[in-house]
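**Student:** Mapping of the sequence shown onto our numbering: residues 303 to 435, in sequence order. There's a structure below that I have some questions on.
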Amino acid sequence: NINPTQIEQAIVHLAINACEAMPDGGHLTIKVDRANLSARDMMRLEAHWGNVKKAGSSSYGYAVLSVSDTGRGMTAEEKSRIFEPFFSTKGDRNAGLGLSTVYSIIEHHGGHIAIDSQPGKGSTFKVFLPLAE
C-alpha cells in the first residue's frame, strides 16, 4: 500500500544525490528485493548500518529498495545529519530538502532507511517498506 508518485519521488531524490556524489563519474545501482526481518534482524541491521531510521512499523515483511553509488562517501557526522532539512555535504550549493523529503515519504509509509557509507567508498541507502498483508 504505497503512493507510487511519492515512492517515485523518493527514488529520484536518492538517485540525484548519488549522481551528485560522483562528479567525475561512477556507478549507480538500484535494486529491489524482498526481506523478512525479525526483531533481532532489525537490531543487527541497526548495529551494522549504524543509522537505521525507524518509523514504528510492527511488520517485518519488507520490500527493500537499495540505491548505491561509488561516490565520495560520507563521514559518521555527515551520516548522522543527512536527513536534516537544508543539510548538504556539498557546502552552500544544492542544499535542499531532497533526503529530508525521502525520509518523510518513507516514514509516512511506515518504512525504515539504513545508510552504509564510508569516505572514499561510496554509499548505499536501503529503504525498507512494509509489505501489504
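Glycine is no exception: its CB is placed at the ideal position from the N, C-alpha and C atoms. It should be emphasised that the depicted structure is a prediction, and the values quoted were computed from it without experimental measurement.
Taking the C-alpha atoms as reference points, what is the distance between Ala-323 and Arg-374?
**Tutor:** 6 Å
**Student:** Does the Cβ-Cβ distance between Gly-328 and Thr-372 come in under 7 Å?
**Tutor:** yes
**Student:** Look at Ser-368 and Lys-423 and say whether their C-beta atoms are less than 7 Å apart.
**Tutor:** No; because the gap between Cβ atoms is not below 7 Å, this pair is not in contact.
**Student:** By the 10 Å Cβ neighbour count, where 16 or more other Cβ atoms means buried, how is His-410 classified, buried or exposed?
**Tutor:** exposed
**Student:** Please classify Pro-458 as buried or exposed, where buried requires at least 16 other C-beta atoms within 10 Å of its C-beta.
**Tutor:** Any property of residue 458 remains undetermined from this structure, which presents the chain solely from 303 to 435.
**Student:** Would you kindly check if the distance between the Cβ of Ser-390 and the Cβ of Thr-426 is under 7 Å?
**Tutor:** no
**Student:** Which term fits Lys-381, buried or exposed, when burial requires 16 or more other beta carbons within 10 angstroms of its beta carbon?
**Tutor:** Under this definition Lys-381 is a buried residue.
**Student:** When the distance is taken between beta carbons, is Ile-408 closer than 7 Å to Val-429?
**Tutor:** A distance below 7 Å separates the beta carbons of Val-429 and Ile-408.
**Student:** Under 8 Å by Cβ, that's how I've got Ala-434 and Asn-305 pegged, so tell me the actual separation to the nearest angstrom.
**Tutor:** Incorrect: roughly 13 Å between the Cβ atoms, too far for contact.
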